[in-house]
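2 protein chains.
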Amino acid sequence: MIKIVLDCYGGDRSPSVNVEGAVKALNDNNDIYLILSGKTEELTNELNKYTYDKTRLEIVDAQDIITCDDKPTDAIRRKKESSMVKAFDILKQNDDVNALISIGSTGAVLVGSVLKIGRIKGVDRPAFCPILPTMNKKIVGICDSGANAECDVTNLVQFAKMGSLYIQKAFGVENPKVALLNIGTEEEKGDTLRKEVYQILKNDETINFVGNMESRDLLSGNYDLVVCDGFSGNVLIKSTEGTSLELLKLLKKTFMSSLKNKIGALFLKKDIYKIKDFMDYNNYGGGVMLGCRKTIIKGHGSCKANSIYNCINQAYTIEKNNLREAISHVFDTEEEK
Amino acid sequence: MIKIVLDCYGGDRSPSVNVEGAVKALNDNNDIYLILSGKTEELTNELNKYTYDKTRLEIVDAQDIITCDDKPTDAIRRKKESSMVKAFDILKQNDDVNALISIGSTGAVLVGSVLKIGRIKGVDRPAFCPILPTMNKKIVGICDSGANAECDVTNLVQFAKMGSLYIQKAFGVENPKVALLNIGTEEEKGDTLRKEVYQILKNDETINFVGNMESRDLLSGNYDLVVCDGFSGNVLIKSTEGTSLELLKLLKKTFMSSLKNKIGALFLKKDIYKIKDFMDYNNYGGGVMLGCRKTIIKGHGSCKANSIYNCINQAYTIEKNNLREAISHVFDTEEEK
């Protein structure tokens with residue numbers, strides 16, 4: 000049985016989407032046990048809308064909420080009665096609880112992961128690795144994408160190893176193609192950091208390093224994992240998402256701008272929705288904090304129930320495939336050398 | 000009279016688009032004089048297709064071409080007979096030649112700018128500043144976007160000042176809104192570099208600093224200039240362009256995927272073309288090397304004649320509005336302090 004604690008607050012549509020996604024996951028998989036953290040009364044009211052196996056779900060009462068206006072470090076230290084801190088405490092104190100999922104403040108989840116849960120032995124810095132869909136209907140991971148604004152050579156090399164294992168274990172990709180985010184594809188491109196990391200990754204036989212990648216090729220499907228410092232990784236993922244959103248908005252505006260266009264849009268409706276769906280993060284899981292002693296997943300703050308459901312399944316798969324043990328094995332062995 | 004030297008090779012459709020754009024600009028504006036650098040015979044053949052004022056155009060013969068496969072520094076040093084090096088030499092040796100335009104190798108243009116032309120006194124590092132269209136039909140500049148992979152505080156502060164002047168002088172934007180690219184909008188976000196730069200820009204009364212910007216807001220139209228190190232700026236612009244291209248490709252594929260969709264697309268054709276047009280760099284000028292002793296513009300390698308025409312007009316406007324003098328004035332005054 001995989002035990003997962005779910006922070007039920009902090010999202011735009013919390014706690015209703017959290018509860019809906021939780022029940023759906025529970026009903027789909029008998030091997031999942033869920034702990035919901037949040038206001039007991041509100042959660043009970045939400046739960047009463049559904050039928051589910053009550054022996055595999057419990058509520059832990061938490062009356063406070065961490066919002067995006069809270070300073071992450073202060074919030075984790077002081078909001079002890081918040082749904083997120085309570086969830087982290089449960090994850091920390093119980094050996095049999097495997098994973099935590101939250102759609103609350105990203106900053107607070109990152110801080111909580113480091114302060115409350117801590118790193119796997121040998122890991123210098125945990126990295127935040129979200130995924131995006133690619134044009135050939137695969138996925139690409141971006142590691143790190145914001146947990147570490149400043150990185151050194153060791154960090155980036157570790158991100159490559161952890162990310163590669165993650166893509167294998169969570170998505171079943173054999174021998175994932177790992178690329179280094181850079182400002183050109185040639186070996187000698189980039190700053191000192193990138194040049195050094197390139198040489199190490201090139202000679203590392205434990206990963207399938209395929210060279211530098213320019214940001215324009217992120218969605219091409221030619222790469223399974225992109226390694227970057229948290230600053231440029233954050234720029235990369237947010238600009239990709241931002242551009243998609245702006246273009247889809249523009250498209251929608253065009254469709255509604257005249258009677259002729261509205262008629263044309265009717266013909267195309269079904270397939271345009273497919274594009275929208277394809278770009279929609281609700282259809283994918285969340286970002287994972289790699290290198291922590293437990294599995295921690297951060298979903299989109301504005302996500303719907305389906306995304307919570309996907310995050311729970313993602314946590315389940317990661318735990319079933321022993322990602323943490325695999326990372327631990329790589330870094331423990333390295334320390335022995 | 001503004002004298003501009005145009006490198007006529009190095010683009011996907013060179014030299015025909017270069018010549019076509021040159022003639023168009025010449026016919027539109029009596030105050031422009033053009034020097035075309037390249038193979039005399041080929042350029043003459045192209046020119047013979049058009050009618051134009053022959054007293055305001057000359058050819059400088061250059062039989063060699065710098066390609067994207069050439070290493071930039073080697074190419075600028077050794078390919079002395081290339082159209083790009085000859086163009087740089089003309090710009091360097093003639094006080095009355097104001098500007099250079101090339102659609103060849105970006106790396107070579109950057110190296111040529113620094114090695115052949117040099118910096119304005121007081122400028123530590125020239126910066127490459129391309130522009131993108133925003134959703135509210137304005138433009139946004141990205142400074143630096145690849146000339147300097149490693150930057151310090153002074154560099155970023157200078158990029159902000161030069162970029163702000165550029166947006167004013169080239170696009171007539173009064174009091175441009177200058178933002179710092181960061182991984183969050185709050186003042187304390189980012190790495191040490193960003194935190195220091197934020198404090199300096201906040202207290203600089205010569206620019207209109209509006210705070211941090213996340214990459215997802217680049218196209219929002221809320222900002223006129225984004226300041227960044229060349230590494231993250233390069234990631235930003237290439238991911239924005241890459242995502243747009245991939246989505247437009249997906250859209251085209253959807254339109255052609257069934258008879259029903261084809262019919263719908265017929266209704267929408269005109270307005271969808273408008274979106275494509277709006278995202279098309281051919282309708283805008285090139286990126287400018289800010290802080291060099293002469294005006295240097297780099298257009299897209301795969302651009303059409305219209306883009307060359309726009310680059311020439313952009314160079315003309317910049318020179319007419321004395322951008323170089325304005326930058327020189329700011330940095331000279333600062334050195335005196």
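Protein chains in written order, with numbering that gives the first Met the number 0: chain A, 0 to 336; chain B, 0 to 336.
Beta carbons are placed, not taken as given, at the ideal position from N, Cα and C, and that holds for glycine.
Interface flag, residue i vs chain B, CB-CB below 8 Å
i: D190(A); result: yes
i: V234(A); result: yes
i: E204(A); result: no
i: S231(A); result: yes
i: A74(A); result: no
i: D223(A); result: no
i: G111(A); result: no
i: T242(A); result: yes
i: T253(A); result: yes
i: E40(A); result: no
i: G145(A); result: yes
i: D270(A); result: yes
i: A107(A); result: no
i: I141(A); result: no
i: A126(A); result: no
i: I130(A); result: no
Residue i: first and last residue of the uninterrupted beta strand (DSSP E) it sits in
i: Y32(A); result: 31-37
i: D388(B); result: Residue 388(B) cannot be examined here, being either before or after the span of chain B that is shown, 0 to 336.
i: L99(B); result: 96-101
i: C142(A); result: 138-142
i: L258(A); result: It is not in any beta strand (DSSP E) - L258(A) instead sits in the alpha helix (DSSP H) that spans 258-278.
i: I295(A); result: 294-297
i: M212(A); result: 207-212
i: K342(B); result: Summary: the structure shown does not reach residue 342(B), with chain B confined to residues 0 through 336, and so no result is reported for it.
i: I130(A); result: 130-132
i: L289(B); result: 286-289
CB contact below 8 Å: residue i versus chain D
i: T239(B); result: You won't find chain D in this structure, because its protein chains are A and B.
Boundaries (first-last residue) of the alpha helix (DSSP H) holding residue i
i: D6(B); result: Here D6(B) belongs to no alpha helix (DSSP H); instead the beta strand (DSSP E) covers 1-6.
i: G111(A); result: 105-111
i: C227(B); result: It is not in any alpha helix (DSSP H) - C227(B) carries neither H nor E in the DSSP assignment.
i: T72(A); result: 71-77
i: N17(B); result: 15-27
i: V152(B); result: 152-170
i: L192(A); result: 191-201
i: Y315(A); result: 304-319
i: D88(B); result: 82-92
Minimum Cβ-Cβ distance from residue i to chain A less than 8 Å
i: D216(B); result: yes
i: E213(B); result: yes
i: F266(B); result: yes
i: K176(B); result: no
i: E45(B); result: no
i: N281(B); result: no
i: I262(B); result: yes
i: S301(B); result: no
i: G103(B); result: no
i: E245(B); result: yes
i: A159(B); result: no
i: D331(B); result: no
i: E19(B); result: no
i: M288(B); result: no
Counted within 10 angstroms of its Cβ, other Cβ atoms place residue i as buried (16 or more) or exposed
i: S214(A); result: buried
i: M0(B); result: exposed
i: Q313(B); result: buried
i: M255(A); result: exposed
Proximity winner among the options, relative to residue i (alpha-carbon distances)
i: L249(A); options: N44(B), N17(B), K273(B); result: K273(B)
i: D331(A); options: G298(A), E187(A), Q157(A); result: Q157(A)
i: Y283(B); options: L179(B), Q198(B), L192(B), L131(B); result: L131(B)
i: V172(A); options: I138(A), A107(A), M83(A); result: I138(A)
i: G10(A); options: A304(A), E318(A), I311(A), N321(A); result: A304(A)
i: D94(A); options: A107(A), L109(A), I116(A); result: I116(A)
i: D30(A); options: D52(A), V16(A), K48(A); result: D52(A)
i: G140(B); options: G285(B), N320(B), N211(B), G263(B); result: G285(B)
Q: Would you check if the stretch 284-300 of chain A and the stretch 119-136 of chain A touch, i.e. whether three or more CB-CB distances between them fall below 8 Å?
A: Because the criterion of three Cβ pairs below 8 Å is met, the stretch 119-136 of chain A and the stretch 284-300 of chain A touch.
Q.
Counting beta carbon pairs with one atom in the stretch 158-166 of chain A and one in the stretch 125-144 of chain A, are three or more of them shorter than 8 Å?
A. Taking 8 Å as the limit for Cβ pairs, the verdict is that the stretch 158-166 of chain A does touch the stretch 125-144 of chain A.
Q) Are the stretch 43-56 of chain A and the stretch 70-87 of chain A in contact at 8 Å, needing three or more beta carbon pairs? A) By the Cβ rule, the stretch 43-56 of chain A does not count as touching the stretch 70-87 of chain A, because fewer than three pairs are nearer than 8 Å.
Q: Could you say if the stretch 209-226 of chain B and the stretch 193-207 of chain A meet the contact criterion of at least three C-beta pairs nearer than 8 Å?
A: In short, these stretches do not touch, since the Cβ pair count stays below three.
Q.
Does the stretch 2-18 of chain B come into contact with the stretch 93-113 of chain B, if we say contact requires no fewer than three beta-carbon pairs (one atom in each stretch) closer than 8 Å?
A. Judged by Cβ distances under 8 Å, the stretch 2-18 of chain B makes contact with the stretch 93-113 of chain B, as three or more pairs qualify.
Q) Within the chosen definition, does the stretch 53-60 of chain B reach the stretch 261-279 of chain B through at least 3 CB pairs nearer than 8 Å? A) The stretch 53-60 of chain B makes no contact with the stretch 261-279 of chain B: fewer than 3 CB pairs, one atom from each, lie closer than 8 Å.
(Q) With three or more C-beta pairs closer than 8 Å as the rule, is the stretch 226-236 of chain B touching the stretch 139-158 of chain B? (A) Output reads yes: the stretch 226-236 of chain B touches the stretch 139-158 of chain B.
Q) Hey, is the stretch 103-110 of chain B in contact with the stretch 180-189 of chain B, meaning 3+ C-beta pairs nearer than 8 Å? A) The stretch 103-110 of chain B is not in contact with the stretch 180-189 of chain B.
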